[in-house]
Amino acid sequence: MLEYKNILDEFVSRVKLVLGKSFVEVILYGSYARGDNRDNSDIDIMLLTTLSDQRNKKS
Numbered sequence: 001m002l003e004y005k006n007i008l009d010e011f012v013s014r015v016k017l018v019l020g021k022s023f024v025e026v027i028l029y030g031s032y033a034r035g036d037n038r039d040n041s042d043i044d045i046m047l048l049t050t051l052s053d054q055r056n057k058k059s
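The numbering of the sequence shown is UniProt numbering, which starts it at 1 and goes up by one.
Below you can see the structure in the form of structure tokens.
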């Protein structure tokens, strides 16, 4: 398994512990998702949850 996959697995495990049932999905995008990453590439992820932004809720 590649090192970045180990990092993602650990990240997802910790996010699930913190968010519990609010966790939906982690989406990998960017160079790692395309397979054209380089040694200095960052890991681009999107974290989806069922949580809402309270500031955007109308009373």
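Cβ coordinates follow ideal geometry from the N, Cα and C atoms, glycine included. Computed from a predicted structure; not experimentally measured.
Residue i to residue j span [Cα, whole Å]
i	j	result
M1	L8	For M1, the pLDDT reaches just 45, beneath the cut-off of 50, and the residue's location in the model is therefore unreliable, although a value from the coordinates is still provided. Going by the C-alpha atoms only, they are around 11 Å apart.
N40	V24	29 Å
G35	L17	29 Å
L19	S13	10 Å
D42	S52	27 Å
G30	K5	14 Å
For residue i, the three-state DSSP class (helix, strand or coil)
i	result
L17	helix
L8	helix
As an exercise, report each continuous alpha helix (DSSP H) stretch of at least 4 residues that is fully enclosed by the segment 30-58, in chain order. Runs found: 31-34.
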